[in-house]
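Structure first, commentary second.
In my numbering, the protein residues as written are 14 to 213.
Structure (structure tokens):
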């Protein structure tokens, strides 16, 4: 089986398993999605969804978030990993959105990646899921499964992203990245996969 054939097989299997691809992080607009994605670093989506309602009830817009003190944000998210850094990042990115982008979440990778606490993966998620721009955010699930399925030999997230973008059609990227994540969580976890229960 060539890499292209494996990619096609994987895409067809995943489409059957996950015809619907709901975004796992609760949000109402691009800003609340951005905040949730920043909070999700080294945390489960489930944990983030437990914390964001109280945060969003206080600050669901860039202007409201920018007016909070870092300590106030920290108190609301302290149960999440990296809470001190994330608190600082959220207040900082909200201020930059207000001051530099007229209160609107920017719609380019470059401008998103300029925001505090926003790396390429976070920017890719927001571009794909908030604005519908084709992107292939690579998280730990995707990195792991791309290797297991021999779709990429990349040692870095950037290399895996480049490889996956080459072998999958651009129109499928936004759906596929979620489908691979769903599959990784349900069937092929980081602790190992013996192949007996793995459908792929």
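Every residue, glycine too, gets a C-beta built ideally from N, C-alpha and C.
Item to check | Range covered by the alpha helix (DSSP H) that runs through residue 122 | outcome: In the DSSP annotation of this structure, the continuous segment of the alpha helix (DSSP H) that includes residue 122 starts and ends at 122 to 127.
Checklist entry - Is the distance from the Cβ of residue 155 to the Cβ of residue 133 below 9 Å? => result No. Outside cutoff.
Next on the checklist: Can you look up residue 44 in the DSSP assignment and give me helix, strand or coil?
Outcome noted: Three-state DSSP puts residue 44 in a helix.
Checklist entry - Is it buried or exposed for residue 176, if we count other Cβ within 10 angstroms and need 16 for buried? => result A buried status is given to residue 176, since no fewer than 16 other beta-carbon atoms sit within 10 Å of its beta-carbon.
Checklist entry - Taking Cβ positions, are residue 150 and residue 141 nearer each other than 9 Å? => result In contact: residue 150 and residue 141 (Cβ atoms closer than 9 Å).
Checklist entry - Between the beta-carbon of residue 93 and the beta-carbon of residue 62, is there less than 9 Å? => result No.
Next on the checklist: For residue 87, count the other beta carbons within 10 Å of its own beta carbon; 16 or more makes it buried, fewer makes it exposed. Which is it?
Outcome noted: Taking all protein chains in view, the Cβ of residue 87 is crowded by 16 or more other Cβ atoms within 10 Å, so the residue is classified as buried.
Item to check | the segment 69 to 87 touching the segment 40 to 51, judged by at least three CB pairs closer than 8 Å | outcome: Counting Cβ pairs under 8 Å, three or more are found: they touch.
Checklist entry - Helix, strand or coil for residue 137 per DSSP? => result Residue state, collapsed to three classes: helix.
Item to check | Buried versus exposed call for residue 35 [16 or more other C-beta atoms within 10 Å across all chains shown] | outcome: Exposed, because fewer than 16 other Cβ atoms sit within 10 Å of the Cβ of residue 35.
Next on the checklist: Going residue by residue through the segment 64 to 99, where are the continuous alpha helix (DSSP H) segments of at least 4 residues, counting only ones entirely within it?
Outcome noted: Listed in chain order, they are 75 to 79 and 83 to 90.
Checklist entry - residue 66: which of 40, 131, 171 and 162 sits nearest, CA to CA? => result Measuring from the Cα of residue 66, the nearest candidate turns out to be 40.
Checklist entry - In or out: residue 113 buried (at least 16 other Cβ within 10 Å) or exposed? => result Exposed, because fewer than 16 other Cβ atoms sit within 10 Å of the Cβ of residue 113.
Checklist entry - Rounded to a whole number of angstroms, what is the C-alpha to C-alpha distance between residue 58 and residue 52? => result Taking the straight line from one Cα to the other gives about 9 Å.
Checklist entry - What whole-angstrom Cβ distance do residue 163 and residue 19 have, given they're in contact under 8 Å? => result 6 Å between Cβ atoms; contact.
Next on the checklist: Taking only three categories from DSSP, how would you classify residue 216?
Outcome noted: Because the chain in this structure spans residues 14 to 213, residue 216 falls outside the shown range and cannot be described.
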